[in-house]
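In this note's numbering, the protein residues as written are 20 to 241.
Here the structure is laid out as structure tokens; the discussion comes afterwards.
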Ligand code: DC
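Below, the structure is given as structure tokens:
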């Protein structure tokens with residue numbers, strides 16, 4: 020049986036995580052935050068003292084991650100890491116380990132297992148290009164770097180995490196450049212993707228655009 024999949028790829032802070040979660044909730048579908056798996060690998064490496072360039076060790080680590088998702092909370096080796104997972108330091112580590120084939124390979128089957136009935140909304144960098152190339156609808160969500168840094172700043176402050184806006188702009192630029200220029204599964208729009216620039220749009224407007232495109236696909240019209 021083919022499970023319908025909607026993929027939402029884009030750079031950090033484009034809003035894809037929030038959009039994916041809301042869309043999945045509205046549709047009653049499963050949701051995969053693939054970035055969390057790369058973040059967990061980066062975090063596990065730092066905790067175990069594994070160098071972020073040690074591909075074989077990181078591949079083994081990614082294959083054997085002891086992770087538990089309980090509602091909004093995430094546990095690694097039985098310890099809650101929800102807050103640490105969202106930090107900029109973890110994001111930077113995730114971006115480094117994500118460049119390694121051994122890590123991407125280790126996480127591939129795990130990600131594909133999320134495609135369960137009645138459907139899946141998956142967000143990340145290579146959901147449409149590599150992990151679910153047969154997706155019913157492939158979305159590429161972008162926004163200007165200033166807007167993305169602003170959004171991240173507000174999110175962090177709301178969570179009580181200290182942040183400096185100009186540092187966030189710089190960190191986003193560095194991370195995006197690494198994610199876009201890596202040879203393996205680089206961040207790019209899949210052929211035929213619905214490209215949405217969310218600068219100046221609300222989450223609800225973006226979700227609505229995706230729902231309209233999805234309805235067309237489901238009815239076989241687009
Ligand atoms: O979406 P995020 O910020 O949680 O992702 C963290 C890092 O993980 C990001 O810099 C790139 C990497 N990543 C990836 O390479 N492929 C994915 N499908 C998702 C995330």
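Where a beta carbon is used, it is the ideal one built from N, C-alpha and C, also for glycine.
Tell whether a beta-carbon distance below 9 Å holds between residue i and residue j.
i: residue 112; j: residue 61; result: yes
i: residue 215; j: residue 161; result: yes
i: residue 206; j: residue 229; result: no
i: residue 226; j: residue 41; result: yes
i: residue 123; j: residue 39; result: no
i: residue 120; j: residue 55; result: no
i: residue 140; j: residue 223; result: no
i: residue 28; j: residue 158; result: yes
i: residue 164; j: residue 184; result: no
i: residue 24; j: residue 211; result: no
i: residue 199; j: residue 32; result: no
i: residue 243; j: residue 147; result: Nothing can be reported for residue 243, as the shown portion of the chain is limited to 20 through 241.
i: residue 80; j: residue 64; result: yes
i: residue 126; j: residue 100; result: no
i: residue 95; j: residue 66; result: yes
i: residue 92; j: residue 197; result: no
With 16 as the cutoff for other CB atoms within 10 Å, does residue i come out buried or exposed?
i: residue 35; result: buried
i: residue 237; result: exposed
i: residue 180; result: exposed
i: residue 202; result: exposed
i: residue 209; result: buried
i: residue 30; result: buried
i: residue 130; result: buried
i: residue 115; result: buried
i: residue 194; result: buried
i: residue 167; result: buried
i: residue 221; result: exposed
i: residue 78; result: buried
i: residue 186; result: exposed
i: residue 88; result: exposed
i: residue 110; result: buried
i: residue 108; result: exposed
i: residue 128; result: exposed
Alpha helix (DSSP H) containing residue i: first to last residue?
i: residue 166; result: 164 to 177
i: residue 103; result: 101 to 104
i: residue 121; result: 120 to 131
i: residue 37; result: 35 to 46
i: residue 150; result: Premise fails: residue 150 is in no alpha helix (DSSP H) and is neither H nor E.
i: residue 220; result: Element bounds for residue 220: n/a, residue is neither H nor E.
Could you give the first and the last residue of the continuous beta strand (DSSP E) run that contains residue i?
i: residue 26; result: 24 to 28
i: residue 60; result: Premise fails: residue 60 lies in the alpha helix (DSSP H), 53 to 67, not in any beta strand (DSSP E).
i: residue 143; result: 139 to 143
Hey, which unbroken runs of the beta strand (DSSP E) at 3 residues or more fall wholly within the region 179 to 213?
none
Uninterrupted beta strand (DSSP E) stretches inside the region 69 to 110 (no shorter than 3 residues)
86 to 89, 92 to 95
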